[in-house]
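Here our numbering is used: the first residue of the sequence shown is 1, the next is one more, and so on.
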Amino acid sequence: MKEKELKKLSRLQLVDLLIESTEENERLKTLVQKLSDELESRRIECRKAGNIAQAALQLNGVFEAAQQAAEDYLNEIRQQTERAAP
């Protein structure tokens, strides 16, 4: 509202405007807090996802090493079996 229009309002109307503005301000503060909390939660989830992805890559390396060890073991057993066969 323009200043000229505000000057034409009665005190009761001005008080009503002030109350409406205050209520709107409180509603917006609540919304900002809620959205800030959601944003922080998503940041934490992103950090966790990054940690999980890194852990998965590390586990992948462990599984590859275990697979290689198993293959080496099976190859050794096959060679021993072939050597032992007449």
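Idealized CB from N, CA, C, for every residue including glycine. This structure is a prediction, so every number in the text was calculated from the model and none was measured.
Spatial distance of Leu28 from Glu20 (CA atoms): 12 Å
Using three-state DSSP, classify Ser10 as helix, strand or coil. coil
Look at the alpha carbon of Leu6 and the alpha carbon of Leu14, and state the distance between them as a whole number of angstroms. 8 Å
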